[in-house]
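Only one structure is covered here, and it is reproduced in the block below.
Protein chains in written order, with the numbering used here: chain A, 1400 to 1876; chain B, 98 to 588.
Put into structure tokens, the structure is as follows:
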């Protein structure tokens, strides 16, 4: 009988920080510039250049550390990690090994109703490398140093996760925390969040860890889940066949759903880490630490509680609204103007999410102004437009961020609120549809629906359906 | 007195007074270069005469307009070839950078240029400043202008020889373990290594980053103070740069050592010290004592540990600092290679000289996993203990005096065959870098062969002014030092 195995997973998560400039020079971190245009002697490693630390990087790292319950190392240092590769202009990466900025934290996750803490071993700051591009025409490799020196933090967890679900929950949680802090946009596809999976298997009940592999090239949550499944299977198969798992770095191929070895142990690198003599120790005073702590924004767990207490929103709404910082910001900014939380929530969860799905967008790509949604809600509230027209106008708000009042005016969508005019129209319709009137009086109350429809058509949808109903009932007696 | 054996400050005064033009000053230096450079090889590159004259004219115009009033305005200077100079090749005397043309100038050079300096050229050095003789240069050895069968010292041997021979009026050197003070001593000039952090390292191609410091190499102490005052500055581009309260170093040019407490470390006068050097240094100490200084002997027991600690730390840093020279972006690339790793290997094997490779290997070894604690961390702890010992000494003494080197300049070819012996020659200079202290070497005599001897004075961190005062007072009592025969040659 086959043995029962348990998967043991730890993650190394790289997050590109949202600073305007690089970690050791004043070059822009903007993504997508022409090759080697966001560069200088420092980030291209020219002889004689020296690094100067960007303080904002330290603040973001501290913020993430505080939000993940870490201890902040108030006297931390940068070390050099030495290895030769053309995307690494100095042939050493400035990183932190001996004294990382954050240590001993944890993140609480929930999977299938079960709560669990995933411990964080450390968070350290480092610089990103450039990008190698192979030119098939000249058969040459070219280097773009625009990304060289973009600040990263690496969040190293303990091997506390046991399933793909736990890994995804942990990553989702990290992503939300970091997005809420504004420290990064954490986009896996664009590489601003990258996760390497360290995985081993062992028999249930065993206290020893098995030999682990490290998997790279995981570009989506789905790929991560598949990679965990695939690698677990591969390792169990090896053990079942009486073979050994080799400690190595493997590259996940999501198309083939299989991992391939990248480096074997023979050329295992000795990075010869040592403290970077060009940088002075980073001394974080109590004042600085308190200042960053006091500026920590409200994180999701607190926000969820507040939404319930302050706005009395249902759990379901809260779950979705706080699911991304962007949506929560939109909700709060809109509600700040209209002070109708449930109404705002309905628009965001209903129409907004419908359009996001329809357009196959990311929630973070929603770009309309809260004041335009607020204006729309207020117009409906005042009866200036009816709900149906409202939805039509909202599509324009959503797609083009139009100013609702101007749009309604321009397209003549204002509700027909002149009771006299509406009554005259309805009288005409009643006169033209004796059959329906007869049916109504014969007890077929549904017949009134046809008459309402006719009225709406005649008014091009601008009439307030409530008012139409009321007048009809008066006329029909 | 011919023009080229004036000091920089004397020349600066005459230029300011309109007695000598900047062009004349440059011509004088160029003439001397023509006369002696072929034999001495002080420079890796002398700038094109037109380029020098163009700059001279520009500076002259600024002086005439009253825009440049400093003591060094218009005075021609030589720069050690490990300081980046925009548009002028900067080679570190290595094949691997034989064609490297920096896109920016080092901060120290910019400070000089802002003060109206005219650069004559880039001086020869031991490859990547690794060496004590200027014999490891890819561009050939520099010879000692006092006796061309001898080395000028190193690694700033080109700068020292150029100043001594009158091939420039002053020069910049860099000092990681004595590379300014030792060649200054061998060439009979004044050389100072300032407190770590005083002169920006931005643009200095690093050897041992935690030890490297740029400093003046001059004909006398007055020039030394003027040059230090010009190049020292706080630089936000260098994280190890220090914002000092005092930059007015020339204010310390005072002939007065009354009550100055001088410590003489017995450990600096033990075995291995040439008796002629010892006598000359002690004679100089006597001079200061006669002028009112209080002299006392004491123990500096950590001295023997400085050399191993230094070679571990400096080599470790160098192994990483020099890894960027890989043939990918600039400099030498092997012509014939097979794939990336072979390119790295061949480029670096062919591009670096033996001494550089030795130190890269040494440094890589001490940083390797399993050896880091035993070597690198131990060396750092030794460094801390050395600093501690100096701190204690400076509670008692204002300055510490010893020789700059155990011998006068050795003969060409005598040192490289025994690197360990060469390393031991750095014994008096190295601990100064480990402790970050300022040190100055001042000529104090000549041996029987006629080779110069230097006295080294050390002060506590940020006390360059004390050093300058002591060195200036000694110099006043000593009187004018002998003129180097290479200078006499042209007259």
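In this text, a Cβ means the ideal position worked out from N, Cα and C, and glycines have one as well.
Bear in mind that the values here come from a model prediction, so they are computed numbers and not experimental data.
Option in the options with minimal Cα separation from residue i
i	options	result
residue 196/B	1489/A, 1446/A and 1513/A	1446/A
residue 1646/A	1771/A, 1596/A, 1424/A and 1712/A	1596/A
residue 356/B	513/B, 496/B, 297/B and 381/B	496/B
residue 371/B	503/B, 539/B, 170/B and 171/B	503/B
residue 1623/A	1593/A, 1455/A and 1579/A	1593/A
residue 335/B	553/B, 303/B, 486/B and 363/B	303/B
residue 1714/A	1725/A, 1702/A and 1724/A	1702/A
residue 1420/A	1520/A, 1527/A and 1409/A	1527/A
residue 570/B	271/B, 329/B, 352/B and 177/B	352/B
Unbroken beta strand (DSSP E) run spanning residue i, endpoints
i	result
residue 1720/A	Taken as a continuous stretch (DSSP letters only), residue 1720/A belongs to no beta strand (DSSP E), being part of the alpha helix (DSSP H) at 1714-1720.
residue 1651/A	1648-1652
residue 1540/A	1539-1543
residue 1592/A	1592-1602
residue 1501/A	1501-1510
residue 1798/A	Element bounds for residue 1798/A: not the beta strand (DSSP E) but the alpha helix (DSSP H), 1786-1799.
Where residue i sits in the DSSP three-state scheme
i	result
residue 421/B	helix
residue 1730/A	helix
residue 1565/A	helix
residue 427/B	coil
residue 1403/A	coil
residue 208/B	helix
residue 1571/A	helix
residue 546/B	coil
residue 536/B	strand
residue 1484/A	coil
residue 395/B	strand
residue 236/B	coil
residue 584/B	helix
residue 267/B	strand
Bounding residues of the alpha helix (DSSP H) (the contiguous stretch that carries residue i)
i	result
residue 120/B	119-137
residue 280/B	278-284
residue 1847/A	1846-1857
residue 147/B	146-161
residue 1631/A	1620-1639
Chain A contact for residue i (CB, 8 Å cutoff)
i	result
residue 334/B	yes
residue 473/B	yes
residue 181/B	yes
residue 405/B	no
residue 478/B	no
residue 272/B	no
residue 209/B	no
Cβ neighbours of residue i in the same chain (closer than 7 Å, five flanking residues each side left out)
i	result
residue 1665/A	Because the pLDDT at residue 1665/A is just 49, under 50, the model does not fix this residue reliably, and the point stays unresolved.
residue 1625/A	1653 and 1656
residue 1739/A	1776
residue 1787/A	1860
residue 1737/A	1743, 1773, 1776 and 1777
residue 317/B	104, 287 and 572
CB contact below 8 Å: residue i versus chain B
i	result
residue 1490/A	yes
residue 1481/A	yes
residue 1682/A	no
residue 1899/A	Nothing about residue 1899/A can be read from this structure; chain A reaches only from 1400 to 1876.
residue 1677/A	yes
residue 1451/A	yes
residue 1620/A	no
residue 1485/A	yes
residue 1669/A	yes
residue 1529/A	no
residue 1444/A	yes
8 Å CB neighbourhood of residue i in its chain, flanking five on each side removed
i	result
residue 159/B	165, 170 and 213
residue 1602/A	1402, 1403, 1404 and 1405
residue 111/B	103 and 117
Residue i CB to nearest heavy atom of the ligand NAP below 7 Å
i	result
residue 342/B	Ligands are entirely absent from the displayed structure, and the ligand NAP is therefore not among its contents.
Sequence-distant residues of the same chain with beta carbon closer than 6 Å to residue i, five excluded per side
i	result
residue 476/B	406, 409 and 410
residue 1824/A	1857
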